[in-house]
Structure formats: C-alpha cells, structure tokens
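Undergrad: My questions all concern the structure below.
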Amino acid sequence: MKRAILAAILVVAAASHARAQPSPPYEIVKDDVDLEAAPDGRFWQFAEVHSRPLTSRGVEALQQITLSYTEGYERLDVHAYTLKKDGRKIDIPAGSMLQGHGETSQPGFEDNRTITVFFPKLEVGDQAVLITTTQQSKPWFANIFAVTRAWPRDVVVKEASLAFTSEGKDSAFHITISGVDQDAPQTMGDKTRHVWHFHNDTPVLDEPDAVSEIADEPHVAITSLRDYSDVADLYTDLFKSRAEVTPEITKLAGQLTEGVSDHRAQARLLYDWVATHIRYVNIVLGAGGFLPHKAADVLNNGYGDCKDHVMLLQALLAAKGIKSSPVLIRAGASQYRLPEAPSPFLFDHLITYVPEFQLYLDSTARYAPFGVLPGSDAGKNVLIVTSGKTAITPPVRAALSTISTTSTVTLNPDGSADTQTRITATGANAADLRALMAALPSDDDDNFFRAGFGPGSSGKFLRGDPEALGDSYEFSAKYHTAHMANFPGPGALPAALAYKPVSFSQLAGLTLPPTRQLDYVCPSGTYTDDVTAILPPGTAIVVLPAGKTVTVAGASLLTSYEQLGPNMVKEHVVMKLDRPGPVCHAADYIKLRPQLSDMIGTLTSQILYK
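Taking the working numbering, I'd label the letters of the sequence shown as residues 23 to 632.
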C-alpha cells in the first residue's frame, strides 16, 4: 500500500547565481522569501531580490533575467524596476516583459512558459530589483511538500531571509539547516512560522572544477518525505501505465529483434533504435513537468524528452520480457551526492536501469553506445524508481574510455607540414567524439584546422560513421599546416606536432590552481599518442628528449622517443588517469600537485634539429 505522505514543492535558490571570479561581478543586497504551504501541497511565495552589479560583467549578467513557470500548475506575477544610485526608480511595465515558451513549443510541451525581464539603464552601482509572487495552484504531487533553498558562498549577500509558514501540524515537516541563523518558531493558531537568516560579507572565491554539493552550501531544507523510497513511490504512481505495451510497440520490438533470442542482444537493438530514431527534446524534470507522455504517443510523435525516452524503451524491453526501471539522476550539475533531505525535485534527468544485466542506459545520449553512460551520468548517486533504492552509477574507467591517436607528419623544406592522423576511441570518449564529428559541418573543416594550427592551414576530416553506435569509433584527418617549423635549422619541433582531440596537459592538471579547499571533478581515461615526424632530406636530429615516467596516485604519464633514421623520429606518449570515481579530494591535491605539474612540464619537451 502506498504510504500517505504530506506537502509540496521545490524552491532551489541561488545556485543559479553566476560563479564569482577574482573581482565579483555583483552582490546581493537583499534576498527575502516568504513561503506558505498548505497541507494539500499548494503553496504561495513572495520573493524580493535586489542585485547590485559591481562590474560591467555584472551589468551584463543582471540586465536580462528569464523566469519560467508551467501553465495550469503555477501562476507567476512579476514586478521589477531599476533602482538608480541616486534613489530614482525606473519601473519596468509588465507589457515590456517578453512572454514566451520554455525549451520548445512542440505539441505536449507548450505549457512551459517564460517571462524575460530587461532592466533599462542598469549601471554599475545600481540595483536590479525583482519582486515575484508565485502561486502553486495545482501541486506537482498531491499532499507533498519539499523545499531546498541554498545560498552561494562566492557572492556577497548583504541580507537574506527565508520565512516558512506551515498550515496544519508542524511536526509533519522535517527541517535541516546548515550555515544559517534561525529565529525561534512562532505558533499562530494552527500555523507555525519559521524564519532563517543568512549573510555573507566575505565571499569565498569559487574554485575551478569544484563539486557543488547542496550539503556543503548554506541551506535550509524542508520536506515531509521520510526517505528516498517515498520519492520513488511518487514517481511509481506518476509513471503508472505510461510504459504500456501496445500492439504497435509489440510489433516494432519483434521487427527490431527478429532472429535474435539473446536478451542482452535484444536490449541492445532496442536501445540503439530509440537512441537513433526518437529525437531528444531537452526538457528537464523541474521545468517541463513530471508526467511523461505515453510510450505509444512517443512512438507516433518520433520525439520526446528524457521521461518519454525512458517510457518507450521500457515498453519495448517489456515486449521482449526484459524488465527495466526508470532512474532519477541529477545529470546537469557537478553534484554527486544526494542531500540528506529527500525531495522529488532534486533531479533533472531520467535514465533506464536493466537489472537483468545490472546496466544503466541513457538513450537521450544520442552518441553513447549500449552500456556506456555519458560523463554527466557517470559516478552519480541515483534513485531506482521501481525498487526505491539509491545507488551509484558506474564511474568512467580508464580501461573502458580511451583515445588512441596515430599521426605521420611530413615536414617540408618551406616549414609547412602535411599530416595524416587516425583516431580510435572507446567508451564515453567515443560518444563525445561522435558528437563532435556529427556537429562539425563538413564544409567547416578548413576553419577548424586554421583555428588549431594557424593561418594558411587547411584540412579534411574523414568522419567514419558517427551514427553507428559500436563499441569503438574511428575517424581520420588529412591536413596541411602552413607554419610548423623553420628550415634550415637549427630549430626545435613544437610539442604539439599533430592534431589530438584532447589536451593531455589539461587532462593531467585541469587548471592546476595553487591550492584547493573543495573536492573537484577529475576525469578518468587512457590516452595514447604516437607521432612519426619526417623532416626534410639533409636535416639531422640533434637531440631527443629523454623518455620519462611520472606517476602519482590515480595518474601516470609515460613518454619515449625513438630515432628511426637521420631525419625521422617517433614520439610515444601514454597518459592513464585511473581515479576510483569522478571526484578527487581537496585534501590530496596539495600532495599530488608537484607531480601533476611535472607531467605538464614533461609534455612540453621538444625535438632539436639542424
């Protein structure tokens, strides 16, 4: 029997604030929210936010703000004005605010609405004032309430508050706080009012690649849900009958798997078809509603969002007797841990889990082959809807996500070079490179090589078949570099002789900051680069760099050089990043940094000639 659970809605706050730089672009002068929730899940919210740009970049960030809501569920009223430094107010008429659709206006998604506010004559030192009144007239989930409000550490916040008034039993709400001040609760008849305050006079500058966990931010979380199994119950009820196996779906599943009896092979064929034939319309869970279209409708339409993809794939798998479950995941952020307070609104994506193979699938990742998750899905805490259990998706593994590049560079007497390069990739790296090659217009190849190798360069990619979702992906390139070296010597060949789809230096050290206070996202994979350089006749190799091996926890670099003839040399580089998960710990960084810096220095080694 489904548990009776109370109360309703997510308000995720200042995570959308722009990340601070050494010179913060703006500050929050006032950020006050007054929220009241009813037992049936409806809520009312009044919010007043004053933001002051401190730099021209802050003006650019604040002069246009877009808000979204879902028609039929929410009502949003907006009042806004520019408050000049001298106290003058420039009101923004409601008629000048741009009304529009959300991600798309295609059938089934047209209830997503936006209001865009433009702040006129906003200058450094002024204030952009946004006052909103929101009414959730129809709850997303009946009798459910969950709200998480977080404030940024990297922006000055002069004054902020959250007031929450609960109707009915206050004990029905579980409240957790961190990094905020709390007033004593006040009881008024059958209502209880809580107020929390936050201010931040000294922003902590954001660190590059840092994770952004809600638990680590100043926040208030209010929920009526006991645990994540309650969240799973909500979605189980919501998804009921949406993955119905209709005669059309049964027929299609039979056609796609004709002559194939193995369940895993059948699942692969069905996944490939959904990934390549159902166009992905990007509507995140929080903005585009929570109810998926029926699988049969998705099949007929030929497009859908993540929820629709999952419903259709679930129905096709079920038609062949293969059980699967929707999986809630937060893919669009550098957040890897689920917060302590459960909420149905924490997630922004839905993928598929097939328990028979213990396999996660994301058919919206258009270029990811069967069994391979894109990096945004890997190593994330997720909620498996059918079982109600939390789990962690498999992280990217070095042995399974590789890029191997082999190049022959023929240098000409005029200093130009003609190169042939072959690239082979597997796993998540293959998915990324398929997407790159599919997105790069074929008539834009020359511009691509000019951007990488300078004026006068040109080239052509031979793309293979990015649409084929095999275990590996191979493509090649032939290109001319107008200015590679200076002959006659003496001289040195540049460290970057040939095209590589990744930067080994950036993979090794990311941005290599002096220190870190926060855990950070770090990649895994194996990257191999072999370059054979043929210099013009009569040119001699004078000095080859010494081969070197640099090893540090979770990362290794090997370089070697071999002279194949008087004017021919081969360079071999292997970088292996084999981290236990997608997150590296700040406490370890200071110990690793010298070796990471050594790797980057090693990669700048040059070959001398005369």
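From the three backbone atoms N, C-alpha and C, an ideal C-beta is built for every residue, glycine too.
At 4 residues or longer, what runs of the alpha helix (DSSP H) sit wholly inside the stretch 413-469?
TA: Those alpha helix (DSSP H) runs which fall completely within the stretch 413-469 and span 4+ residues are 449-461.
Undergrad: Please give the ranges of any alpha helix (DSSP H) in the stretch 506-545, keeping only runs that are unbroken, at least 4 residues long and fully inside the region.
TA: Taking only runs of at least 4 residues, the alpha helix (DSSP H) segments lying wholly in the stretch 506-545 are 526-531.
Undergrad: Using the Cα positions of Pro545 and Lys273, report the straight-line distance between them to the nearest angstrom.
TA: If I take the Cα positions, the gap works out to 42 Å.
Undergrad: Please identify the residue among Thr214, Tyr103 and Thr92 whose C-alpha is closest to the C-alpha of Thr156.
TA: When each option's Cα is compared against that of Thr156, the closest is Thr92.
Undergrad: Based on the DSSP output, what are the partners of Pro348 in its beta bridges?
TA: In the DSSP output, where bridge partners are listed per residue, Pro348 has Thr374.
Undergrad: Compare the beta carbon distance of Ala164 and Asp62 with 9 Å and say whether it is the shorter of the two.
TA: Yes, the Cβ-Cβ distance between Ala164 and Asp62 is below 9 Å.
Undergrad: Is Gly623 helix, strand or coil by DSSP?
TA: In this structure, Gly623 counts as helix in the three-state DSSP scheme.
Undergrad: From what residue to what residue does the alpha helix (DSSP H) around Leu286 run?
TA: Leu is not the amino acid found at residue 286; the sequence shown has Arg there. Element bounds for Arg286: His285 to His299.
Undergrad: Under the three-state reduction of DSSP, which class applies to Glu239: helix, strand or coil?
TA: Glu239 falls in the coil class under three-state DSSP.
Undergrad: Would you tell me roughly how many angstroms separate the C-alpha atoms of Thr245 and Leu152, rounded to the nearest one?
TA: Using only the alpha carbons, I get a separation of about 27 Å.
Undergrad: Measuring CB atoms only, is the stretch 427-441 touching the stretch 552-567, in the sense that at least three cross pairs come out at less than 8 Å?
TA: In short, these stretches touch, since the Cβ pair count reaches three.
Undergrad: Closer than 7 Å by C-beta to Thr198: which residues in its own chain qualify, once you throw out the five before and the five after it? Chain order, please.
TA: Within the same chain, Thr198 has close Cβ partners Ala243, Glu362 and Ala363.
Undergrad: Can you tell me whether Pro161 is buried or exposed? The criterion is at least 16 other CB atoms within 10 Å of its CB, across all chains shown.
TA: Per the 10 Å Cβ criterion, buried.
Undergrad: Would you decide whether Ile612 is buried or exposed? Buried here means 16 or more other CB atoms lie within 10 Å of its CB.
TA: By the neighbour-count rule (16 or more Cβ atoms within 10 Å), Ile612 is not buried but exposed.
Undergrad: Buried or exposed, going by whether 16 or more other CB atoms sit within 10 Å of the CB of Ile31?
TA: With a pLDDT of only 25 at Ile31, under the threshold of 50, the placement of this residue in the model should not be trusted, and no figure is reported.
Undergrad: The alpha helix (DSSP H) that contains Ile166, what's its start and end?
TA: Premise fails: Ile166 is in no alpha helix (DSSP H) and is neither H nor E.
Undergrad: On the DSSP bridge assignment, give the partners of Glu593 in chain order.
TA: Glu593 is bridged to Val553 and Tyr583.
Undergrad: Taking the beta strand (DSSP E) that Leu98 belongs to, which residues open and close that run?
TA: Per DSSP, Leu98 belongs to the beta strand (DSSP E) from Glu96 to Leu105.
Undergrad: Taking 8 Å as the cut-off, does the stretch 395-407 touch the stretch 529-536 (at least 3 CB pairs, one atom from each stretch)?
TA: Cβ pair count under 8 Å is below three, so no.
Undergrad: Using C-beta distances below 7 Å, list every residue in its chain close to Leu433, excluding the 5 sequence neighbours before and after it, in chain order.
TA: Counting only Cβ-Cβ distances below 7 Å, and skipping sequence neighbours, we find Ala439, Met506, Ala507, Ala555, Ile556, Leu557 and Pro558.
Undergrad: Just the Cα atoms here: how many angstroms apart are Thr268 and Ala289?
TA: Each residue's alpha carbon lies about 18 Å from the other.
Undergrad: With DSSP as the reference, please indicate the residues paired to Gly481 in a beta bridge.
TA: Gly481 is bridged to Tyr501.
Undergrad: In whole angstroms, what is the alpha-carbon distance linking Gly569 and Gly437?
TA: Straight-line Cα distance between these residues: approximately 26 Å.
Undergrad: Whole angstroms is fine: what's the gap from Leu339's alpha carbon to Trp173's?
TA: If I take the Cα positions, the gap works out to 43 Å.
Undergrad: Here's the rule I'm using: 16 or more other beta-carbon atoms within 10 Å means buried, otherwise exposed. How should Val303 be labelled?
TA: It is buried - the Cβ of Val303 has at least 16 other Cβ atoms within 10 Å.
Undergrad: Determine the direct distance from the alpha carbon of Glu378 to that of Phe369, and round the result to whole angstroms.
TA: Their Cα atoms are separated by approximately 25 Å.
Undergrad: Suppose you measure from the CA of Phe195 to the CA of Gln208; what does that come to, to the nearest Å?
TA: If I take the Cα positions, the gap works out to 15 Å.
Undergrad: To the nearest angstrom, report how far apart Asn322 and Ile300 are at their CA atoms.
TA: Going from the Cα of Asn322 to the Cα of Ile300 covers about 10 Å.
Undergrad: Between the C-alpha atoms of Asn451 and Gly474, what's the straight-line distance to the nearest angstrom?
TA: Going from the Cα of Asn451 to the Cα of Gly474 covers about 20 Å.
Undergrad: Could you name the residues of the same chain whose beta carbon sits closer than 7 Å to that of Lys522, not counting the 5 residues immediately before and after it, in chain order?
TA: Excluding sequence neighbours, Lys522 sits near Thr427 and Asp551.
Undergrad: Would DSSP call Tyr631 helix, strand or coil?
TA: In this structure, Tyr631 counts as strand in the three-state DSSP scheme.
Undergrad: Distance, Cα to Cα, Lys592 vs His502?
TA: About 19 Å.
Undergrad: Locate the beta strand (DSSP E) running through Pro75, then write down its first and last residues.
TA: Note, Pro75: beta strand (DSSP E), Phe65 to Pro75.
Undergrad: Does the beta-carbon of Gln204 have 16 or more other beta-carbons within 10 angstroms, so that it is buried, or is it exposed?
TA: Looking at its Cβ environment, which holds fewer than 16 other Cβ atoms inside 10 Å, Gln204 is exposed.
Undergrad: Alpha carbon to alpha carbon, how far is Ile373 from Ala355? Give it in angstroms, no decimals.
TA: Rounded to the nearest angstrom, the two C-alpha atoms are 16 Å apart.
Undergrad: Work out the CA separation of Asp249 and Asp53 for me, nearest whole Å.
TA: Their backbone Cα atoms lie some 30 Å apart in a straight line.
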